[in-house]
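Student: Each step along the sequence shown adds one to the number in my numbering, with nothing skipped, and position 222 is 222.
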Amino acid sequence: MDAMHRRLLINQFNDMKKILFLFVLLLAAGGTAAQGALQVVTKTVQKSIAWKAGYSVEINCEKAEVEVEPVASGSNVAVKAEMSARHPQLDSAKYDLTAWQFVTSTVGKKIYIRAYIGLRGGQALPNSNLKVKITVQVPAQCPVTLSNKFGKAKLQHLTGAIRLTGEFCAFTLLDLQGGVRIQSQYGNIDGRQLSGSVDLQTKRSAVALTGLRGDCNVRSEYGAVSVEAGSQTGNLHIQSNKGDVTIETGSPPRHNFTLQATYGEVKVPFNQHFASGSTGNTHNASLQQGAGRPQVSVETTFGKITVQ
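#1: Hey, how far is the Cα of Asn129 from the Cα of Gln39?
#2: Across the stretch 138-147 and the stretch 117-128, are there enough close Cβ pairs to call them in contact, namely three or more that are closer than 8 Å?
#3: What ranges does the beta strand (DSSP E) occupy inside the stretch 204-239, keeping only unbroken runs of at least 3 residues that lie completely in it?
#4: Give me the residue from Thr210, Gln289 and Thr279 with the minimum Cα distance to His273.
#5: Tell me the rounded alpha-carbon separation between Gly30 and Ala85.
#6: Who are the Cβ neighbours of Ser75 in its own chain at under 7 Å, not counting the five residues just before and after it?
#7: Below 8 Å, can you find three or more Cβ-Cβ pairs linking the stretch 223-232 to the stretch 188-208?
#8: Applying the criterion that 16 or more other CB atoms from any shown protein chain within 10 Å of the CB defines a buried residue, is Tyr55 buried or exposed?
#9: Ignore the nearest five residues each way along the sequence and tell me which others in Ser276's own chain have a CB closer than 6 Å to its CB.
#10: What's the call for Lys63, buried or exposed, on a 16-neighbour Cβ count within 10 Å?
#11: Can you find the residues in the same chain that come closer than 6 Å, C-beta to C-beta, to Pro70, ignoring five residues on each side of it along the sequence?
#12: What alpha helix (DSSP H) runs, 4 residues minimum, are completely inside the stretch 52-104?
#13: Which of helix, strand or coil does DSSP assign to Glu299?
#14: Give the straight-line distance between the Cα atoms of Gln137 and Ser297, rounded to the nearest whole angstrom.
#15: Excluding the 5 residues preceding and the 5 following Gly166 in the sequence, name in chain order all residues of the same chain whose CB lies nearer than 6 Å to its CB.
#16: What are the start and end residues of the beta strand (DSSP E) that includes Asp175?
#17: Out of Cys169, Val227 and Phe102, point me to the one whose CA is closest to Leu146's CA.
#18: Of the residues Val227, Glu65, Arg254 and Arg219, which one's Cα is nearest the Cα of Arg204?
#19: Along the beta strand (DSSP E) that carries Phe270, what are the first and last residues, could you check?
#20: Hey, quick one: how far does the beta strand (DSSP E) through Asp190 stretch, first residue to last?
#21: With 16 other CB atoms within 10 Å as the buried threshold, where does Pro252 fall?
#22: In terms of residue numbering, what span does the beta strand (DSSP E) encompassing Gln308 cover?
#23: How about Ser104 and Tyr116: do their beta carbons lie closer than 9 Å?
#24: Ala309: buried (16+ other C-beta within 10 angstroms of its C-beta) or exposed?
#25: Please tell me whether Val307 and Thr249 are closer than 9 Å, where the distance is taken between their beta carbons.
#26: Mind checking Gly264: buried by the 16 CB within 10 Å criterion, or exposed?
#27: I need the straight-line Cα distance from Phe270 to Leu194, nearest angstrom please.
#28: For the beta strand (DSSP E) containing Ser147, name the first residue and the last one.
#29: Helix, strand or coil: how does DSSP classify His283 here?
#30: Quick one: what's got a C-beta closer than 7 Å to Thr210's C-beta in the same chain, skipping five residues either side?
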């Protein structure tokens, strides 16, 4: 047998080995998938809580998907909690589901809603994937305070003040007319059509805001910030450390601008009459169109400022 034929046979043999190896992997994956099919056990609790003018709602939870919206009719607070446990073994999922604790109470003028994982004496730590979906319907003017870890929250069509705290929690805000204050770590913030004042303090969170009608203050660390400075936006102040800032504006822009980037750059539209300069490692740009206009003030360190 000549060398060419020997090489051909060797290559064919190697190809067969590869095909056999892939076939074994597919069989193993199929067996693993069959063994790892999750059993899901759920429990739903619904409550109606008396509410009066002057009352507020405070929500504390973890591993939760929370939605807060106006109540369709009446003046009570309606709460629905859908708790679940997922585990390959049905008995384990059923047992771990009992770790979910859901409590509501009224103290003075504050309504408390709490969902958490609480173990009874001697109960082992859950092995299941535990989650809860909480839907809270409140009178639109009711102030809401919410704290959530390892989840997400959506608030929409409310007129009362909003106070949010999150760790690894993404916030979506839609059509809110009251003031909004957020402290967030490792959770992105998406806000649209916010009429009241907005105050954000974030760390490792991306921020995107559009449709602002009031003043806005953002303090950000290790996260990109994108804000629309539109025709109804008030004063906008952003301080960013180790993150880029983008300002979306109309043409011509309505605001006066003061921009400063240390160890970064400033990019502004060529067709606008921004004055620019630099001192050492700090780059500046400004646009002053007269007194009485709202102000956009941006300061960054180790980040880029872009106006577009």
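Even glycine gets a Cβ: it sits at the ideal position worked out from N, Cα and C.
Tutor: In short, the structure shows the following:
#1: 10 Å
#2: no
#3: 207-212, 216-221 and 225-229
#4: Gln289
#5: In this predicted model, Gly30 has a pLDDT of only 49, less than 50, meaning its place in the structure is not dependable enough to derive any value.
#6: Trp51 and Pro139
#7: yes
#8: buried
#9: Ala285
#10: buried
#11: Ala140 and His157
#12: 90-97
#13: strand
#14: 37 Å
#15: Asn148, Ser184 and Gly187
#16: Ile162 to Leu176
#17: Cys169
#18: Arg219
#19: That residue, Phe270, is in no beta strand (DSSP E); it is neither H nor E in DSSP.
#20: Ile189 to Leu194
#21: exposed
#22: Neither: Gln308 is in no beta strand (DSSP E) and is coded neither H nor E.
#23: Here the sequence assigns Thr to residue 104, which means Ser is not the residue at that position. Contact flag unset, no.
#24: With the chain covering only 1 through 308, there is no way to say anything about residue 309.
#25: yes
#26: buried
#27: 30 Å
#28: Val144 to Leu158
#29: strand
#30: Arg192 and Glu228
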